[in-house]
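Take a look at the structure below.
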Amino acid sequence: MKWTISCFFVLLLGYACGSRQQASTAEPQAPVLKPNTGLGISENRELLGTLIDLKTYPPYSVVFQWNGQDMDGLEAILYYDEQHYGDILNAYMEAGFPKGNYSKAQFSFPWLDSARYAELQFSKPDYAGNPDIFLGTGGRGMLWFLDKKVLLKVKP
1 MKWTISCFFV LLLGYACGSR QQASTAEPQA PVLKPNTGLG ISENRELLGT LIDLKTYPPY
61 SVVFQWNGQD MDGLEAILYY DEQHYGDILN AYMEAGFPKG NYSKAQFSFP WLDSARYAEL
121 QFSKPDYAGN PDIFLGTGGR GMLWFLDKKV LLKVKP
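Numbered according to the working numbering, the sequence shown spans residues 1 to 156.
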């Protein structure tokens, strides 16, 4: 009888340890943004690449807020390495550096972290942003250049 109970507890302990290992090795998944679920924040570069052109000047990281349906009202931060950021600035120079007429307030996304918000607030007072010429937003993209970062807002 003692042998049966001992075997039962050993099997139960082995099963419990096996279950615990599987849970610890599972990688957390980012929440999937689905249509009609409201706004969501994501760092999924591939998903953002389905909404705008990230192939011409690929960022190494992105953070964006999206309505889950289309690019209306899309807000994003695109992080670039020095080479790609320089290429973007050269493309703007070649295009005559088109000027926008935007305000910092338009790029003060409620979800910005304090460091990005401070960087935005301390950007040059006479800077008014630039229209998008490389992300494929069809003329609806508004850009604000920071240090190797681009803030994007797409007009609804």
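All C-beta atoms, glycine included, are put in the ideal place defined by N, C-alpha and C.
Predicted model only: the values in this text are computed from it and were never measured.
Problem - Gly-129 classed as buried or exposed, judged by whether at least 16 other C-beta atoms fall within 10 angstroms - result: Here Gly-129 is buried, its C-beta having at least 16 other C-beta atoms within 10 Å.
Problem - Proximity below 8 Å, CB of Phe-107 to CB of Leu-151 - result: For the pair Phe-107 and Leu-151, the CB atoms are nearer than the 8 Å cut-off.
Handout entry: Environment of Trp-111 [buried if 16+ CB atoms lie within 10 Å]
Key = So Trp-111 ends up on the exposed side.
Practice task
For Pro-59, count neighbouring Cβ atoms within 10 angstroms of its own Cβ and tell me buried if that reaches 16, exposed if not.
Solution key: Around the beta carbon of Pro-59, a 10 Å sphere encloses 16 or more other beta carbons of the protein chains shown; the residue is thus reported as buried.
Practice task
Quick one: give me the first and last residue of the alpha helix (DSSP H) that Ile-88 is part of.
Solution key: That run of the alpha helix (DSSP H) goes 82–94.
Practice task
Name, in chain order, the residues that DSSP records as bridge partners for Ser-61.
Solution key: DSSP output for Ser-61 lists Tyr-79 as bridge partner(s).
Problem - Secondary structure of Leu-152, DSSP reduced to three states - result: Here DSSP, grouped into helix, strand and coil, assigns Leu-152 to strand.
Problem - Contacting residues, own chain, Cβ-Cβ under 6 Å from Leu-135 (five flanking each side not counted) - result: Cβ within range, chain order: Ile-52, Asp-53 and Gly-141.
Practice task
Could you check the C-alpha separation between Ala-105 and Val-62 for me, to the nearest Å?
Solution key: Take the alpha-carbon of Ala-105 and the one of Val-62: they are about 21 Å apart.
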